[in-house]
Ligand SMILES: [Zn+2]
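Numbering (our numbering), first residue to last: 356 to 645.
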């Protein structure tokens with residue numbers, strides 16, 4: 356949902372790095388020998404073609420049309436393919452691990468691009484490796500995410516264009532404000548977050564963002580953080596109100612919002628302050644009279 360620059364490494368270079376140091380497997384404990392070096396070399400062309408199909412479909416917005424059966428790895432069953440190529444080649448081997456670490460380090464401040472809040476801890480396969488093993492080390496299919504988002508997403512695959520999750524490398528939706536919140540009037544004021552589609556969005560991107568927002572429970576995530584923030588500033592807001600009046604409270608909240616919007620236009624922090632600043636009931640201390 357929050358954009359990332361696409362990885363600099365190509366799919367072919369990444370596969371070469373991951374496959375390069377995998378050794379053949381000897382027969383052991385009743386398991387047959389596996390000539391991985393030959394098998395991986397034979398599979399290379401198919402994996403390269405699969406990555407190209409993925410990248411073309413992602414650019415066109417046609418990822419839901421990709422069939423899992425077209426993304427198998429020749430010579431491997433699915434679990435063996437991603438266990439060897441991704442598990443051994445990327446997570447455990449040095450050359451692949453360098454790329455893994457580079458992908459993980461991409462988000463500024465380790466902020467998860469799916470929720471814009473959690474700390475990056477894992478690589479998510481946008482199209483899951485269990486059913487699309489040919490994409491298990493395609494860099495544009497690998498997204499650094501927080502643990503919560505990875506657990507919520509699991510092996511989700513969109514079946515329609517409207518349910519396609521926002522892809523941080525391809526979708527650029529942060530040039531306009533789309534996140535908003537309203538203040539719930541109570542002695543402990545709380546905020547309710549929602550997607551407010553800008554006029555420039557068409558129906559498809561609107562439905563995609565709303566679906567992404569709901570799937571990752573972003574209303575709950577942002578609301579919880581915002582309510583803590585409101586609780587933290589309430590004492591100071593009351594003092595400012597009594598000392599200088601509601602206009603001063605409004606100006607303070609607006610200034611805080613502007614500072615945060617400067618770094619992130621759709622961050623929950625800026626939206627929180629803007630919602631409070633725009634709510635006359637809050638600025639006039641309505642929460643002290645309930
Ligand atoms: Zn997240």
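Every residue, glycine too, gets a C-beta built ideally from N, C-alpha and C.
message = Could you tell me the alpha carbon to alpha carbon distance between residue 501 and residue 564, rounded to whole angstroms?
response = As a first step, residue 501 must be located in the chain shown, where it is residue number 146. As a first step, residue 564 must be located in the chain shown, where it is residue number 209. Near 19 Å, if we compare the C-alpha coordinates of residue 564 and residue 501.
Whole-angstrom distance between residue 442 and residue 448, CA atom to CA atom = Locating residue 448 in the chain shown gives position 93, where the first residue counts as 1. Locating residue 442 in the chain shown gives position 87, where the first residue counts as 1. Going from the Cα of residue 448 to the Cα of residue 442 covers about 9 Å.
request  = Determine the closest residue to residue 481 out of 555, 553, 433, 525, with distance taken between C-alpha atoms.
outcome  = Here residue 481 corresponds to residue number 126 of the chain shown, with the count starting at 1. Checked all of 555, 553, 433, 525; the closest Cα to residue 481 is 525.
inquiry  = Cutting at 6 Å between CB atoms, please list the residues of its own chain near residue 392, excluding the five before and the five after it.
reply    = Position 37 of the chain shown holds residue 392. Contacts found: 379.
request  = Assuming residue 454 and residue 374 form a contact by the criterion Cβ under 8 Å, report the distance between their Cβ atoms to the nearest whole angstrom.
outcome  = Position 99 of the chain shown, counting from 1, holds the residue named residue 454. Position 19 of the chain shown, counting from 1, holds the residue named residue 374. Contact doesn't hold; Cβ gap of about 12 Å is too wide.
ask   = Listed by chain order, which residues have C-beta atoms less than 7 Å from any heavy atom of ligand 1?
value = 467, 469, 470, 472, 473, 500, 501, 503, 504, 571
ask   = Nearest to residue 532 by alpha carbon, out of 514, 506, 561, 505?
value = The residue given as residue 532 occupies position 177 in the chain shown. The candidate whose alpha carbon is nearest that of residue 532 is 561.
message = The beta strand (DSSP E) that contains residue 536, what's its start and end?
response = The residue labelled residue 536 in the question sits at position 181 within the chain shown. Per DSSP, residue 536 belongs to the beta strand (DSSP E) from 534-539.
task = Please name the residue, chosen from 438, 396, 465, that lies closest to residue 483 on a Cα-to-Cα basis.
result = For this step, residue 483 is matched to residue 128 along the chain shown. Checked all of 438, 396, 465; the closest Cα to residue 483 is 438.
key: Separation of residue 486 from residue 433, as counted between CA atoms   = The residue you call residue 433 lines up with position 78 of the chain shown. The residue you call residue 486 lines up with position 131 of the chain shown. C-alpha separation (whole angstroms): 7 Å.
The beta strand (DSSP E) enclosing residue 476, as first and last residue numbers = Position 121 of the chain shown, counting from 1, holds the residue named residue 476. Start and end: 475-480.
inquiry  = I need the straight-line Cα distance from residue 572 to residue 516, nearest angstrom please.
reply    = Start at 1 with the first residue of the chain shown, and residue 572 comes out as number 217. Start at 1 with the first residue of the chain shown, and residue 516 comes out as number 161. The straight-line gap from Cα to Cα measures roughly 20 Å.
ask   = Three or more C-beta pairs closer than 8 Å, one from the segment 575-583 and one from the segment 596-604: is that the case here?
value = no
ask   = Cα separation between residue 381 and residue 490?
value = One-based indexing of the chain shown puts residue 381 at position 26. One-based indexing of the chain shown puts residue 490 at position 135. Rounded to whole angstroms, residue 381 to residue 490 spans 26 Å at the Cα level.
ask   = Which residues does DSSP pair with residue 499 in a beta bridge?
value = For the purposes of this step, residue 499 is taken as residue 144 along the chain shown, with counting starting at 1. In the DSSP output, where bridge partners are listed per residue, residue 499 has 478.
task = Kindly indicate which three-state DSSP category residue 547 falls into: helix, strand or coil?
result = As a first step, residue 547 must be located in the chain shown, where it is residue number 192. In this structure, residue 547 counts as strand in the three-state DSSP scheme.
task = Using DSSP bridges, identify the partner residues of residue 383.
result = Position 28 of the chain shown, counting from 1, holds the residue named residue 383. In the DSSP output, where bridge partners are listed per residue, residue 383 has 386.
ask   = Which residues in the same chain have their Cβ closer than 6 Å to the Cβ of residue 364, if we skip the five residues on either side of it in sequence?
value = Position 9 of the chain shown, counting from 1, holds the residue named residue 364. The residues are 454, 494.
ask   = Tell me which same chain residues have a C-beta within less than 6 Å of the C-beta of residue 638, skipping the five on either side of it?
value = On the chain shown, position 283 is the one that residue 638 refers to. The answer, listed in chain order, is 601, 604, 605.
request  = Put residue 575 into one of helix, strand or coil per three-state DSSP.
outcome  = What you label residue 575 is simply residue 220 of the chain shown in a count that begins at 1. Looking at residue 575 - three-state DSSP - the assignment turns out to be helix.
ask   = Under the rule that 16 or more other beta-carbon atoms within 10 Å means buried, what is residue 508, buried or exposed?
value = Taking the first residue of the chain shown as position 1, residue 508 is located at position 153. Classification of residue 508: buried, given that the 10 Å Cβ count is 16 or more.
request  = Would you give the residue range spanned by the alpha helix (DSSP H) that residue 375 belongs to?
outcome  = In the chain shown, residue 375 corresponds to position 20, counting from 1. Per DSSP, residue 375 belongs to the alpha helix (DSSP H) from 366-375.
query = With C-beta atoms as the reference, is residue 498 less than 8 Å away from residue 544?
reply = On the chain shown, residue 498 is found 143 positions in, with the first residue counted as 1. On the chain shown, residue 544 is found 189 positions in, with the first residue counted as 1. No, the pair does not count as a contact, with Cβ atoms beyond the cut-off.
inquiry  = Taking 6 Å as the limit between beta carbons, can you name the residues of its chain near residue 625, skipping five residues before and five after?
reply    = Residue 625 sits at position 270 when you count from the first residue of the chain shown. Contacts found: 612, 615, 616.
ask   = When burial is assigned at 16 or more other CB atoms within 10 Å of the CB, is residue 569 buried or exposed?
value = One-based indexing of the chain shown puts residue 569 at position 214. Exposed, because fewer than 16 other Cβ atoms sit within 10 Å of the Cβ of residue 569.
ask   = What residues in its chain sit with their C-beta under 6 Å from that of residue 457, if we drop five residues either side in the sequence?
value = For this step, residue 457 is matched to residue 102 along the chain shown. Excluding sequence neighbours, residue 457 sits near nothing in its chain.
request  = Can you tell me which of the three DSSP states residue 466 falls into?
outcome  = Looking up residue 466 in the chain shown gives position 111. Three-state DSSP puts residue 466 in a strand.
ask   = Using the beta-carbon count (16 or more within 10 Å), is residue 396 buried or exposed?
value = For the purposes of this step, residue 396 is identified with residue 41 of the chain shown, where counting begins at 1. Answer is exposed; the Cβ neighbour count stays below 16.
message = Do residue 536 and residue 642 count as a contact pair if the criterion is CB distance below 8 Å?
response = Numbered from 1 along the chain shown, position 287 holds the residue referred to as residue 642. Numbered from 1 along the chain shown, position 181 holds the residue referred to as residue 536. Not in contact: residue 642 and residue 536 (Cβ atoms no closer than 8 Å).
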